[in-house]
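Keeping their order, the protein sequence lines are chains U and L.
Under the numbering used here, the first residue of the first sequence is numbered 1, with each subsequent residue one higher.
Under the numbering used here, the first residue of the second sequence is numbered 1, with each subsequent residue one higher.
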Amino acid sequence: MGARLGTLAAALAAFAALALLGRMLPNWLVLVATLAFAKGLVALGLVVLMRGGLVSFGQGIFFCTGAYAAGLAMRSLGLSDAVLLVALGGVAALVLGLIIAPLLAGYRGIFFATLTLALSMIAYGILDKTYSLGGSDGINLHAPSFLGYRPPSSQAVSYALFVLTSLTTVVAAALCRIHFDSLRGLLSLAARDNEIRVEYLGASVRRVSGVNFAIAALLGGVGGALSALSLGHIDPDFTFWTTSGEFVFLAILSGYASVAAVFFASLIVELVRSFSSQYFPNTWQGALGIFLLLVILFLPQGLGSLVQRRRRASAKPVRVAEPVPAESGQ
Amino acid sequence: MNLAAAILVDGLIDASWLFIVAVGLTLVFGVLNILNFAHGSLYAVGAYAAASAAGWYYGGQIGPAFFGYFVMLGAALLVAVAIGPLLERGVLRLFYRRDEVVLVLVTYALFLILEDATKLIWGVDPYYAYEPYGLLGNVSLFGLSYVGYDFALIALALVTGLLLWLGLNRTITGKVILAVIHDRDVSGAMGVNVNRVFVLAFTFGVFLAALGGAFTAPKISVQPGISISVILLSFAVVVIGGLGSVEGAAIAALIVGLARSAAIHLMPSAELFIVYLVMALVLALRPEGLFQRTTLRKI
Numbered sequence: 001m002g003a004r005l006g007t008l009a010a011a012l013a014a015f016a017a018l019a020l021l022g023r024m025l026p027n028w029l030v031l032v033a034t035l036a037f038a039k040g041l042v043a044l045g046l047v048v049l050m051r052g053g054l055v056s057f058g059q060g061i062f063f064c065t066g067a068y069a070a071g072l073a074m075r076s077l078g079l080s081d082a083v084l085l086v087a088l089g090g091v092a093a094l095v096l097g098l099i100i101a102p103l104l105a106g107y108r109g110i111f112f113a114t115l116t117l118a119l120s121m122i123a124y125g126i127l128d129k130t131y132s133l134g135g136s137d138g139i140n141l142h143a144p145s146f147l148g149y150r151p152p153s154s155q156a157v158s159y160a161l162f163v164l165t166s167l168t169t170v171v172a173a174a175l176c177r178i179h180f181d182s183l184r185g186l187l188s189l190a191a192r193d194n195e196i197r198v199e200y201l202g203a204s205v206r207r208v209s210g211v212n213f214a215i216a217a218l219l220g221g222v223g224g225a226l227s228a229l230s231l232g233h234i235d236p237d238f239t240f241w242t243t244s245g246e247f248v249f250l251a252i253l254s255g256y257a258s259v260a261a262v263f264f265a266s267l268i269v270e271l272v273r274s275f276s277s278q279y280f281p282n283t284w285q286g287a288l289g290i291f292l293l294l295v296i297l298f299l300p301q302g303l304g305s306l307v308q309r310r311r312r313a314s315a316k317p318v319r320v321a322e323p324v325p326a327e328s329g330q
Numbered sequence: 001m002n003l004a005a006a007i008l009v010d011g012l013i014d015a016s017w018l019f020i021v022a023v024g025l026t027l028v029f030g031v032l033n034i035l036n037f038a039h040g041s042l043y044a045v046g047a048y049a050a051a052s053a054a055g056w057y058y059g060g061q062i063g064p065a066f067f068g069y070f071v072m073l074g075a076a077l078l079v080a081v082a083i084g085p086l087l088e089r090g091v092l093r094l095f096y097r098r099d100e101v102v103l104v105l106v107t108y109a110l111f112l113i114l115e116d117a118t119k120l121i122w123g124v125d126p127y128y129a130y131e132p133y134g135l136l137g138n139v140s141l142f143g144l145s146y147v148g149y150d151f152a153l154i155a156l157a158l159v160t161g162l163l164l165w166l167g168l169n170r171t172i173t174g175k176v177i178l179a180v181i182h183d184r185d186v187s188g189a190m191g192v193n194v195n196r197v198f199v200l201a202f203t204f205g206v207f208l209a210a211l212g213g214a215f216t217a218p219k220i221s222v223q224p225g226i227s228i229s230v231i232l233l234s235f236a237v238v239v240i241g242g243l244g245s246v247e248g249a250a251i252a253a254l255i256v257g258l259a260r261s262a263a264i265h266l267m268p269s270a271e272l273f274i275v276y277l278v279m280a281l282v283l284a285l286r287p288e289g290l291f292q293r294t295t296l297r298k299i
C-alpha cells in the first residue's frame, strides 16, 4: 500500500513540476513535449502488451481511432471540450480493441505482430479512400476549449493542452506502475516467459493478455486524441505502418523496467526529429536507425534498465533472480 | 471476357516480380528466422544499381542491346555479394539469440539506414532505364497489346522458382539448407556449419530482392519510396503463403497479384486495402499461412 501512495505522490510531484516548467518553456518546446507525451502514452500501452510477450505492429489503428473519434466529434457533433474529446477518443479505441481482441486472441509472436499490422493497414486503406472523412488529406481541427475555459491566444491553447496531456500522462504512468506491480501485472511477465507454466499454475493467460490488450487500446486512443488536438489535424497516416513502427521503436527503446523512461525516450526522439528533419533532412532517419541498433545491442532491456540498475545497486542486497531467457526453439 | 483476360494477364505479370522478391524474404525467414523489413530497401538498391548499370551500358553504346539484360543481372549479383555478407556478418549475427520481434525491429533500423544510404548515393531524383523495356517488342493477346518484356518477367519468375526448387531439393547444399530450416540446433550438432548456411541463405535472399528490383527497374521510375510499397506487398505475400514456405510464396504471389489487378481494373481505390484484407482473411482461417508446416512446441 505504501508503495502505491509513493507512486501517486511521485506522479503528483511530476505533474506540478511539468505544469510549472511549461510556463517557462518557449512555445515550440511546449508543442513538441505535448506531442511527445501523447505518443509516449501509445508507447506505454505497447509496453503493457510487451510485458506479456506480445508486440503489436499495428498500434497505429488505436492511435488513429482515438484521433478520428475526437476529430469527428468536433466536426460533426460540435463538441469542443478537450477533456470530453480525449475521453471519447479513449473509449472509441477501447471499444474497437474489445471488438478485435477475440480475433487476435490465438496469435503470438510474429503472427500477432503481422495480423495487427494487416488490420491497421486495412484501416489505412479505408480512411485513405473515404472522402467523407477527408480522404488522404484528412481533416483540420480548430482549437478546443477546456471545461468551459476558452484560452484567449494560440499560445494559451498549447499550454492548456500541455497541462492536460501532462496530467493524463502522469495519471496513466502511475496507474501502469501500480498495474505492473499487481498480481495480474506480474502474471504478464510470467506469461511472457512461459505460457504453459502459467496455465498449469491456474491462471488464465487469455485473460491476462486480454486485459493488457484493452489497456493498450485505451492508451492508444487517448494518445491519438491528444495528438490530434495538439496537431490540429488528422489524416490516415495516423494508422500507417511507419507510425506503428515508431511506437514499437519507442517501446523497445524505453524497455519495460521503468514507466517514466517511455516518456523520456519519446521526448528525446521527438526533439531529435524536429531538429534533424530541419537540418539533416536526408540523413536523420539513418542516424535514428543506427541509434536504435546500438540501443538494442548494448541495452537489451531498454533505457529504463539504466534507472533500474542504479536503483538495484543502491538498494539493500536482496538478489532478485533475473528471468532466464527462454531457449529459442528453432 | 476481355476484362477477365486483362485481369488475369496483369495479375500474372504482377505476381511474377512479386514472387521473385517475396521468395527471397521467405527463404531468409526460413533459415535465419528473421522477417527482414530491409528487404524492400534491398529491392530498391537492386533497382538503382540496375538502372545505373543500364544507363551506363546503353548510354555508352558498349555492346549488343540484348546483353544489357546480363548487365542488369550482374548488377543484382554485385549488390548481393557486396551487401549480403556485410549485413549478415556485420549486423544480424549480433542479434541471433534475441526475440523474433526484436529482430524485426533490428531490420527496421537497417531499413531506415539503407533508405538514407540510397539517398546519399543516388540522390533523390528519379532514374529511368527504359531501353531494356522496349527491346522485346509488343505482344498482342486477347485483342489487347502487351509489352513483351512483361512476359519475359513471367518467364524469369518461373525460371527462378524452378531453379530454387531444384537447388533446394536436388543438391547437397540445398538439403543442408532445408535441414537448417527444419532444426537449426540439431543440424549444428550433426556437423552442419550453420553460420555458413546463414551467410549463404541471407546473401541469396538479398540477391533475389535485388533481382526483383533490377528487372522491374525498366518498368518504373526508380526513386526514393519504392521500397515501402514493395515491402508491404511482399510482407503480405510471405505471411499469406506461410512464413518460410517457397511453394506458399508462389501461390500467395499469384493470389496477391490477381487480387491487386482485379482491384485496379474494377475498384482502383481498393488496391492496397485488398491485399491486406486477403492477408487478414487467410490469417483468420489459417493462422500460420497457407503452407506452414505444423511445428513442435518446445517447452
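Note that beta-carbon positions come from the ideal geometry of N, C-alpha and C, so glycine has one too.
Note that the structure is a prediction, hence the values are computed from the model and not measured.
Tell me where the beta strand (DSSP E) around residue i begins and ends.
i	result
Ser145(L)	144 to 147
Val139(L)	138 to 141
So, at 6 Å on beta carbons, what are the nonlocal neighbours of residue i in its own chain, with the 5 sequence-adjacent residues on each side left out?
i	result
Ile83(L)	Val206
Ala157(L)	Ser16, Phe19, Ile20
Thr34(U)	Leu161, Phe162, Thr165, Ser230
Ala49(L)	Ala75, Val79
Using three-state DSSP, classify residue i as helix, strand or coil.
i	result
Tyr69(L)	helix
Ala10(U)	helix
Asn282(U)	coil
Lys316(U)	Because Lys316(U) carries a pLDDT of 48, less than 50, the predicted location of this residue cannot be relied on, and the following value inherits that uncertainty. Residue state, collapsed to three classes: coil.
His233(U)	strand
Ile110(U)	helix
Asp81(U)	strand
Ser204(U)	coil
Tyr48(L)	helix
Ser187(L)	helix
Ser139(U)	It is Ile, not Ser, that sits at residue 139(U) in the sequence shown. If DSSP states are grouped into helix, strand and coil, Ile139(U) belongs with the strands.
Val102(L)	helix
Just to confirm my understanding: we take residue i, look at its own chain, exclude 5 residues before and 5 after, and list those with CB closer than 7 Å. What are they?
i	result
Val208(U)	Gly52, Arg184, Leu187, Ser188, Ala191
Ser80(U)	Met74, Pro144, Ser145
Ala44(L)	Thr118, Gly213, Ile226, Ser227
Leu119(U)	Gly58, Ile61, Ile100
Could you name the residues of the same chain whose beta carbon sits closer than 8 Å to that of residue i, not counting the 5 residues immediately before and after it, in chain order?
i	result
Leu168(L)	Gly174, Lys175, Ile177, Leu178, Val246
Ala67(U)	Gly89, Gly224, Ala225, Ser227, Ala228, Ile234, Phe238
Leu141(L)	Ala5, Val9
Asp116(L)	none
Asp128(U)	Gly135, Ser136, Pro236
What does residue i touch in chain L if you count any residue whose Cβ is under 8 Å from its own?
i	result
Gln301(U)	By Cβ distance, chain L contributes nothing, its closest Cβ being about 11 Å from Gln301(U), past 8 Å.
Ile296(U)	Phe95, Arg98, Val102, Leu105, Val106, Ala109
Asn212(U)	The contacting residues do not exist; Asn212(U) stays about 15 Å from chain L at best.
In terms of residues, what are the limits of the alpha helix (DSSP H) holding residue i?
i	result
Glu247(L)	246 to 266
Pro132(L)	131 to 134
Ile62(L)	Run containing Ile62(L): none; DSSP gives neither H nor E here.
Arg286(L)	That residue, Arg286(L), is in no alpha helix (DSSP H); it is neither H nor E in DSSP.
Gly40(U)	27 to 51
Leu253(U)	241 to 254
Val55(U)	Taken as a continuous stretch (DSSP letters only), Val55(U) belongs to no alpha helix (DSSP H), as it is neither H nor E.
Ile13(L)	2 to 32
Lys175(L)	172 to 182
Gly213(L)	194 to 216
Ile220(L)	It is not in any alpha helix (DSSP H) - Ile220(L) carries neither H nor E in the DSSP assignment.
Residue i touches chain L at which residues, Cβ-Cβ below 7 Å?
i	result
Leu288(U)	Leu112
Gln331(U)	Here chain U covers residues 1 to 330 and nothing more, so residue 331(U) does not appear.
Ile268(U)	Going along chain L, no residue has its Cβ under 7 Å from Ile268(U), so there is no contact; the nearest lies around 16 Å.
Would you mind telling me which residues of chain L sit closer than 9 Å to residue i, beta carbon to beta carbon, in chain order?
i	result
Thr115(U)	Before going further, note that residue 115(U) is Leu rather than Thr in the sequence given. Correct list: Val239, Met279, Ala280, Leu283, Ala284, Pro287.
Ile252(U)	Val101, Val102, Leu105
Kindly list, in the order they appear in chain U, the residues whose Cβ is closer than 8 Å to that of residue i.
i	result
Leu290(L)	Chain U residues near Leu290(L): none, gap ~13 Å exceeds 8 Å.
Ala270(L)	Gly125, Lys129
Leu232(L)	Met121, Trp241
Name the chain U residues that come within less than 7 Å of residue i, Cβ to Cβ?
i	result
Phe273(L)	Ile122, Gly125, Ile126
Lys119(L)	Asn282
Leu35(L)	Ile110
Tyr276(L)	Ala118, Met121, Ile122, Gly125
*Listed in chain order, which residues of the segment 27 to 43 of chain U have Cβ atoms closer than 7 Å to some Cβ of chain L?*
none
*asked:* Against chain L, which members of the segment 95 to 112 of chain U pass a CB distance test of less than 7 Å?
replied: Leu103, Gly106, Tyr107, Gly109, Ile110, Phe111
*Taking only beta carbons into account, state which residues of the segment 86 to 99 of chain L come closer than 9 Å to chain U, listed in chain order.*
Val91, Leu94, Phe95, Tyr96, Arg97, Arg98, Asp99
*Using Cβ-Cβ distances below 7 Å, what residues of the segment 118 to 138 of chain U are close to chain L?*
Ala118, Leu119, Met121, Ile122, Gly125, Ile126, Lys129
*Anything in the segment 38 to 72 of chain L with a Cβ closer than 8 Å to a Cβ of chain U? List those residues in chain order, please.*
none
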